[in-house]
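S.K.:
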Amino acid sequence: MTRWKHRLTGPLARNAAIALYVICVAGLIMAYMSVSLRKVDYAAYARAQPAAAPGAPVAMRGVVLDARLGVPLRRGEVQFDLVDAAAKATAEDAPQGVAWARTSIQPNGFFHLSAPLPAGAEPGDYRLRMQTKIDPRATDAAPEFTTDAPFNVLPPPTNFDYWPAPTERREADKNEASGGVKSSDGPIQIALWPADGEVARGLKSTVFVRTTRREDGAPVSAKLHISQIDGISEAAVPATIQTDSLGLAIVPVSAGTDLVWELSTEAPGRLGAEDLAAPRAPSPVESTGEDGAGASSQVSRARLVLSTVPSQVSLRMSEPLAVPGRSADGALHSLFRDGGVMVDLYQADRWVDAKVFGLGEKGGGIRVDIPKSRATAKAGAAGEKAPLQLYRVQVYRSVYGVENAWDIDYLVGASGAQLDDYQQAARALAEYITAHVDDPYFDQILAGDAFESSTSKRELSGWIRAMTEVLPRHLDVPAPLINSREASIAKLDAETAEIQNKLRLLTIIALLIGMAVVGYLVLLGIGAYREQGRLLQDVDLEMDEDPADDEGGAMALSRNIQRENLIFGALIFIVVGTLSLFVLGLLMVLSYF
Numbered sequence: 090m091t092r093w094k095h096r097l098t099g100p101l102a103r104n105a106a107i108a109l110y111v112i113c114v115a116g117l118i119m120a121y122m123s124v125s126l127r128k129v130d131y132a133a134y135a136r137a138q139p140a141a142a143p144g145a146p147v148a149m150r151g152v153v154l155d156a157r158l159g160v161p162l163r164r165g166e167v168q169f170d171l172v173d174a175a176a177k178a179t180a181e182d183a184p185q186g187v188a189w190a191r192t193s194i195q196p197n198g199f200f201h202l203s204a205p206l207p208a209g210a211e212p213g214d215y216r217l218r219m220q221t222k223i224d225p226r227a228t229d230a231a232p233e234f235t236t237d238a239p240f241n242v243l244p245p246p247t248n249f250d251y252w253p254a255p256t257e258r259r260e261a262d263k264n265e266a267s268g269g270v271k272s273s274d275g276p277i278q279i280a281l282w283p284a285d286g287e288v289a290r291g292l293k294s295t296v297f298v299r300t301t302r303r304e305d306g307a308p309v310s311a312k313l314h315i316s317q318i319d320g321i322s323e324a325a326v327p328a329t330i331q332t333d334s335l336g337l338a339i340v341p342v343s344a345g346t347d348l349v350w351e352l353s354t355e356a357p358g359r360l361g362a363e364d365l366a367a368p369r370a371p372s373p374v375e376s377t378g379e380d381g382a383g384a385s386s387q388v389s390r391a392r393l394v395l396s397t398v399p400s401q402v403s404l405r406m407s408e409p410l411a412v413p414g415r416s417a418d419g420a421l422h423s424l425f426r427d428g429g430v431m432v433d434l435y436q437a438d439r440w441v442d443a444k445v446f447g448l449g450e451k452g453g454g455i456r457v458d459i460p461k462s463r464a465t466a467k468a469g470a471a472g473e474k475a476p477l478q479l480y481r482v483q484v485y486r487s488v489y490g491v492e493n494a495w496d497i498d499y500l501v502g503a504s505g506a507q508l509d510d511y512q513q514a515a516r517a518l519a520e521y522i523t524a525h526v527d528d529p530y531f532d533q534i535l536a537g538d539a540f541e542s543s544t545s546k547r548e549l550s551g552w553i554r555a556m557t558e559v560l561p562r563h564l565d566v567p568a569p570l571i572n573s574r575e576a577s578i579a580k581l582d583a584e585t586a587e588i589q590n591k592l593r594l595l596t597i598i599a600l601l602i603g604m605a606v607v608g609y610l611v612l613l614g615i616g617a618y619r620e621q622g623r624l625l626q627d628v629d630l631e632m633d634e635d636p637a638d639d640e641g642g643a644m645a646l647s648r649n650i651q652r653e654n655l656i657f658g659a660l661i662f663i664v665v666g667t668l669s670l671f672v673l674g675l676l677m678v679l680s681y682f
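Heads up, the working numbering is the position in the sequence shown plus 89, with the first residue counted as 1.
(1) Considering Cα atoms alone, identify which of Ala-519, Glu-548 and Glu-587 is closest to Glu-558.
(2) Between Leu-549 and the rest of its own chain, which residues show a CB-CB distance below 6 Å, the 5 nearest in sequence each way excluded?
(3) How do the segment 530 to 544 and the segment 570 to 587 stand: do at least 3 beta-carbon pairs fall below 8 Å, yes or no?
(4) My assumption, with CB atoms under 8 Å, is that Val-394 sits in contact with Val-432. Please give the rounded CB distance.
(5) Could you please give the first and the last residue of the uninterrupted alpha helix (DSSP H) stretch that includes Thr-523?
(6) Under 7 Å from any heavy atom of the ligand SAM, does the C-beta of Ala-135 make it?
(7) Comparing C-alpha positions only, which one of Ala-391, Leu-592, Leu-600 and Gln-651 sits nearest to Ala-125?
(8) To the nearest angstrom, how far is the alpha carbon of Val-147 from that of Gln-317?
(9) Look up Leu-162 in the DSSP assignment and say whether it is helix, strand or coil.
(10) Determine the DSSP secondary structure at Asn-248, reduced to helix, strand or coil.
(11) Are Val-484 and Val-430 touching if we call contact CB-CB under 8 Å?
(12) Tell me the residue span of the beta strand (DSSP E) that contains Lys-222.
(13) Let's test the definition: count the other Cβ atoms within 10 Å of the Cβ of Asp-444 and tell me whether it reaches 16, buried, or not, exposed.
(14) Can you name the start and end residues of the beta strand (DSSP E) that Ser-294 belongs to?
(15) Could you say if the segment 207 to 216 and the segment 132 to 146 meet the contact criterion of at least three C-beta pairs nearer than 8 Å?
(16) Return the chain-ordered list of same chain residues with a C-beta closer than 8 Å to the C-beta of Pro-567, the five sequence neighbours on each side being excluded.
(17) Just the Cα atoms here: how many angstroms apart are Ser-372 and Leu-560?
(18) Please classify Leu-365 as buried or exposed, where buried requires at least 16 neighbouring CB atoms within 10 angstroms.
(19) Express the C-alpha separation of Leu-206 and Val-296 in angstroms, rounding to a whole number.
(20) Around the C-beta of Gly-452, are 16 or more other C-beta atoms found within 10 angstroms, so that it is buried, or is it exposed?
(21) DSSP three-state label for Arg-648, please.
(22) With a Cβ-Cβ cutoff of 8 Å, do Ser-322 and Gly-345 count as a contact?
(23) Take the Cβ of Leu-101 as the centre, count every other Cβ of all protein chains shown within 10 Å, and call the residue buried at 16 or more, exposed below.
(24) Quick check on DSSP: helix, strand or coil for Asn-104?
(25) Taking one C-beta from the segment 282 to 298 and one from the segment 322 to 342 each time, how about it: are there three or more such pairs within less than 8 Å?
(26) Give every residue of the same chain whose Cβ lies closer than 7 Å to the Cβ of Leu-581, excluding the five residues on either side of it in the sequence, and list them in chain order.
(27) Taking 6 Å as the limit between beta carbons, can you name the residues of its chain near Asp-458, skipping five residues before and five after?
(28) Give me the Cβ distance between Leu-217 and Phe-169, rounded to the nearest whole Å; I'm assuming they're in contact under 8 Å.
(29) Report the residue from Asp-274, Gly-268, Arg-150 and Ile-330 whose alpha carbon sits nearest the alpha carbon of Ser-193.
(30) Please report the straight-line C-alpha distance between Leu-281 and Glu-166, rounded to a whole angstrom.
(31) Counting only the same chain and skipping the five closest in sequence on each side, list residues whose C-beta sits under 8 Å from that of Lys-263.
(32) In its own chain, which residues sit with a C-beta less than 7 Å from the C-beta of Ile-522, not counting the 5 before and 5 after it?
(33) Going straight from the alpha carbon of Asp-498 to that of Ala-307, what length do you get?
(34) Gly-502 by DSSP, collapsed to three states: which one?
(35) Please classify Leu-109 as buried or exposed, where buried requires at least 16 other C-beta atoms within 10 Å of its C-beta.
(36) Taking Val-388 as the reference, give the member of Glu-287, Arg-456, Pro-569 and His-314 with the closest Cα.
Below, the structure is given as structure tokens:
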């Protein structure tokens, strides 16, 4: 027993205990620092509408980022499932959900998809789980990443009356005049489509000029002279234009600044019945005044202002019809010479297709896929007239924000691309506008058979394009549905703080134990030193042979004891202070991690 006692109290045991203690404290400190240095490996950013009905097409676009570097990952696969709202997005023990869609990360770093929501999904609250498998060549971190977001499955949709809300493209300065018709007088009323007169600054655009009889809004074919009295245009404005049987004419524009036009009809400005889109009673325009001069000899004038907006992109679809199951192409003019643009397709207020296209020196081309329409198929099967399907193609610069760099163009749903499809689409669009806009012009053209009489798809296409300019210019970019970086960072910070608190507590306990042991050993050493000093003093007193010096020796002994007490207190203060400063300094260093 004595042998083991000597071994446990010997130098070897003490050194081993000290080494073990140092290793434990160092391990706690290293664990604390390693936990503090943990970072989020991946982050997902995706835009999509947060609710949809079963079977309805849903579009989504986003990126998967290397959160440490902030750059998109360009290789991988993304899969989306619908899981119970209470499920957690974890790769381990992930609950089974309703499989929805799968897509690949494109070489440009984006992923986009358009897929119908699973028909078997019951209405209610879900979580949209996003599982990403990273190509090992793209990163050296973990090969999988999972996140989720709230998602709502809606009941089957019902028909509703949709009309787009206008979206402002600029905030006009107090000194800037808004665009549109500033004045129009004479028997012929001259109007501008779009009514706000906004065109893209520095890019190719088009506007439509409309001529109608002032008294009843009936379309009039007229020859107009155009004079640009203010502004800078990259291309000369046409000197004259001729409106057609619907009173419409297209004018190409390439404006560098706001433009001011003055338009006037050609004298004598004869208006015959053949110029009208529908039969109507004689009007003052066609009558003769008391002075013998015909009212038709009056010259009609208008002053128009085209206001430029820094849209930076200008979109023009090749054809105005959207045929379900087919693609629609368009041309894009842009001030950007590289990079890409986001392209969205909306069916009424539903985002149904998402694409990303690159830009070149002269702009670029785009393409959207028109989903099959259940409403059109259902109405066709029942022998009923299908409701108008209004589509909107919108382009913008960045997936993270739109600002001013955007443009839109409308498409009208049709069952095909034949002549009768154009005729039906034109009439359906006119009826749709009539139901929402108080303009006698549309009542007049609907009363006639101009659409059915036309045998030119090009003419009908122009009319449809012109009428879409009456629709409010609307942009709809959903808020980010998935933005996992902030949530992942917050979650990681919470986990890190919890682990750090435990490690900090263990480290403090270990340091306090170490301080106690060191203090105890110091006190033992000081006590032994004092005891040795007393023994030496006793020996000195015993060896002193002069009794007369006993009193002086006692006084000297008392002074020595006081001095030793002061030294003892100073040593304790120094030891405790040093250990305390060491512990506080160590904790301060750890607090930076």
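A virtual CB, placed ideally from N, CA and C, is assigned to each residue, including glycine.
Since the model is a prediction, treat every value here as computed from it, not as a measurement.
M.R.: Concretely, from the data shown:
(1) Ala-519
(2) Tyr-511, Ala-515 and Ser-543
(3) no
(4) In fact, because the Cβ distance is near 31 Å, the residues do not count as touching under 8 Å.
(5) 508 to 523
(6) Among the ligands in the structure shown, none appear at all, so the ligand SAM cannot be discussed.
(7) This sequence places Ser at residue 125; Ala is not what is there. It is Leu-592 whose Cα lies nearest to the Cα of Ser-125.
(8) 46 Å
(9) coil
(10) coil
(11) yes
(12) 213 to 223
(13) First, the amino acid is wrong: residue 444 is Lys here, not Asp. Lys-444 comes out buried.
(14) 294 to 302
(15) yes
(16) Arg-136, Ala-137, Gln-138, Pro-139 and Trp-440
(17) Low local confidence applies: a pLDDT of 35 at Ser-372 is under 50, so the model's placement there is unreliable, with the coordinate-based value given in what follows. Answer to the nearest angstrom: the Cα atoms are 30 Å apart.
(18) Bear in mind that the predicted position of Leu-365 carries a pLDDT of just 39, short of 50, making it unreliable; the figure below should be weighed with that in mind. When all chains shown are included, Leu-365 counts as buried.
(19) 39 Å
(20) buried
(21) helix
(22) yes
(23) exposed
(24) helix
(25) yes
(26) Arg-127 and Val-129
(27) Ser-416 and Asp-442
(28) 6 Å
(29) Arg-150
(30) 49 Å
(31) Confidence at Lys-263 is low in this model, with a pLDDT of 46, below 50, so its placement is unreliable and no value can be given for it.
(32) Phe-531, Met-556 and Val-559
(33) 27 Å
(34) strand
(35) exposed
(36) His-314
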